[in-house]
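Enquirer: Before I ask anything, here is the structure I am working with.
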Amino acid sequence: MNTITYKNVHNHFKLNGFHLDRNDLCRVAYSFIKEGEDHEKSVGDFILDWFDNKSYLELNTSGTTGTPKIIRIEKQAMVNSALATGDFFNLSHGDKALHCLPTKYIAGKMMFVRSFILGLDMDFVAPSSHPMLRNDTKYDFVAMVPLQAQNSLAELKNVKKMIVGGVKMSKFLEKSLSKLKTETYETYGMTETITHIAAKKIGEKHFTVLPNIKIYQDNRNCLVIDAPNISNDTIVTNDLVELINERQFSYLGRIDNVINSGGIKLIPEQIEDKLSHKIQSRFFVSGIQDPILGEKLILVVEGEKQVLDESTFDELDKYEKPKEVFYVSKFIETHNGKIKRKEIQESL
Numbered sequence: 002m003n004t005i006t007y008k009n010v011h012n013h014f015k016l017n018g019f020h021l022d023r024n025d026l027c028r029v030a031y032s033f034i035k036e037g038e039d040h041e042k043s044v045g046d047f048i049l050d051w052f053d054n055k056s057y058l059e060l061n062t063s064g065t066t067g068t069p070k071i072i073r074i075e076k077q078a079m080v081n082s083a084l085a086t087g088d089f090f091n092l093s094h095g096d097k098a099l100h101c102l103p104t105k106y107i108a109g110k111m112m113f114v115r116s117f118i119l120g121l122d123m124d125f126v127a128p129s130s131h132p133m134l135r136n137d138t139k140y141d142f143v144a145m146v147p148l149q150a151q152n153s154l155a156e157l158k159n160v161k162k163m164i165v166g167g168v169k170m171s172k173f174l175e176k177s178l179s180k181l182k183t184e185t186y187e188t189y190g191m192t193e194t195i196t197h198i199a200a201k202k203i204g205e206k207h208f209t210v211l212p213n214i215k216i217y218q219d220n221r222n223c224l225v226i227d228a229p230n231i232s233n234d235t236i237v238t239n240d241l242v243e244l245i246n247e248r249q250f251s252y253l254g255r256i257d258n259v260i261n262s263g264g265i266k267l268i269p270e271q272i273e274d275k276l277s278h279k280i281q282s283r284f285f286v287s288g289i290q291d292p293i294l295g296e297k298l299i300l301v302v303e304g305e306k307q308v309l310d311e312s313t314f315d316e317l318d319k320y321e322k323p324k325e326v327f328y329v330s331k332f333i334e335t336h337n338g339k340i341k342r343k344e345i346q347e348s349l
């Protein structure tokens, strides 16, 4: 029976080189709140919340596809998630980790929980777009968002294992990372699943779920997650998937992004995947109302207007080719860098 609880701090845990127990961490938290910078204040708040008398935390969801909401997550579920991550990525106490994500959000909170629970030797730095600049330390485990990974390609020679999440990585980044010795994984998850419940190694086609997680599809072909150690409720997503076997799936796209153009159902994410190594700017495909087709497929590109070569669309099927291209100087984003497709589309 698992006796590791959220009240434990592993005796190998280190923060920026110092062994800290629960009492030390609370002292550091007060200091961060009183005298720290913004990114340290959110760490201080989190540490005090973690060690208070409540068995849960209240967290904000990202609001990528709807209104952000506050959900309640049990601390023990976060511990169980940390243990599953440790098993999946073969992390051991004493492993050196880099934390460079905002602690306001679940991914940043979970890097702390993994470190407390697994006994990691963690360096915590201010979240920035180039988190490893002038840092020659060798790390066993690092978590980044795609922009950070893109900007750290030269420094990643010092990283053994890295997880990349938050937003889908581009084909350009995937190709660059595949040339490195760093073992890199793209992760799948959300606030409700306490960050990732599945990961796939760069170059692999399918996501593999972490230990103690079951997956299946509902009648819409959307992913349903049964993770009793993480959530008492079955989690029904809006993510269209293809189930490969009981532990693996391919992500196709979100059902709320599907475009019905003249009776043909198009999944934007699959079209974007085919275009991702042809267009260097950020972009997405979407549907706008059309009197004949119902919805007309469009391409929306971030930045100044440019002429796209006809060969850009060579890999697309007849129905997947955009009927019109729009340019938007700067995309509207959520606080954690996800593109707000619907709002951009409405502004066109």
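Residue 2 is where the sequence shown starts when you use the numbering used here, and the numbers rise one by one after that. Glycine included, C-beta positions come from ideal geometry on N, C-alpha and C.
(1) Which parts of the segment 20–65 are runs of the alpha helix (DSSP H), unbroken and 4 residues or longer, counting only runs that do not cross its ends?
(2) Just to check my reading of the structure: Ala200 and Phe89 have Cβ atoms closer than 8 Å, yes? What is that Cβ distance to the nearest angstrom?
(3) If you follow the beta strand (DSSP E) that Gly288 is part of, which residue opens it and which one closes it?
(4) If you draw a straight line from the C-alpha of Thr66 to the C-alpha of Lys341, how long is it?
(5) From the DSSP output, which residues share a beta bridge with Arg73?
(6) Given a cut-off of 9 Å on the beta-carbon distance, is the pair Leu84 and Ile72 in contact?
(7) If you follow the beta strand (DSSP E) that Leu298 is part of, which residue opens it and which one closes it?
(8) Please name the residue, chosen from Leu121, Asn258 and Phe52, that lies closest to Thr6 on a Cα-to-Cα basis.
(9) Would you call Gln149 buried or exposed, if buried means 16 or more other Cβ atoms sit within 10 Å of its Cβ?
(10) Could you give the uninterrupted runs of the beta strand (DSSP E) lying entirely in the segment 229–269, keeping only those of 3 residues or more?
(11) In this structure, does DSSP put Thr335 in helix, strand or coil?
(12) Helix or strand or just coil, what does DSSP make of Lys15?
(13) Excluding the 5 residues flanking Glu334 on each side, which residues of the same chain have their C-beta closer than 8 Å to its C-beta?
(14) Taking its Cβ as the centre, do 16 or more other Cβ atoms sit within 10 Å of Leu92, making it buried, or is it exposed?
(15) In the DSSP output, which residue or residues are listed as bridge partners for Ala144?
(16) Return the first residue and the last residue of the alpha helix (DSSP H) that Leu119 is part of.
Expert: This is what the structure holds:
(1) Those alpha helix (DSSP H) runs which fall completely within the segment 20–65 and span 4+ residues are 23–36 and 39–51.
(2) Between Phe89 and Ala200 the Cβ distance is about 7 Å, and since that is below 8 Å, they are a contact.
(3) Unbroken beta strand (DSSP E) run through Gly288: Phe284 to Asp291.
(4) Confidence in Thr66 is poor, its pLDDT being 48 and thus under 50, which makes the residue's placement too unreliable to answer from.
(5) Answer is Glu59, bridged to Arg73.
(6) The beta carbons of Leu84 and Ile72 sit no closer together than 9 Å.
(7) Here the beta strand (DSSP E) through Leu298 covers Gly295 to Glu303.
(8) The shortest C-alpha separation from Thr6 is found at Phe52.
(9) Its Cβ being crowded by 16 or more others within 10 Å, Gln149 is buried.
(10) Complete beta strand (DSSP E) runs here, min 3: 236–244, 249–255, 260–262 and 265–267.
(11) Residue state for Thr335 is assigned as coil, using DSSP reduced to three classes.
(12) When secondary structure is reduced to three states using DSSP, Lys15 falls in the strand class.
(13) Once the five neighbours on either side are set aside, the close Cβ partners of Glu334 are Ile340 and Lys341.
(14) Counting of Cβ neighbours within 10 angstroms places Leu92 among the buried residues, the total reaching 16 or more.
(15) Beta-bridge pairing links Ala144 to His100 and Ile164.
(16) Per DSSP, the continuous alpha helix (DSSP H) segment holding Leu119 begins and ends at Ile107 to Leu119.
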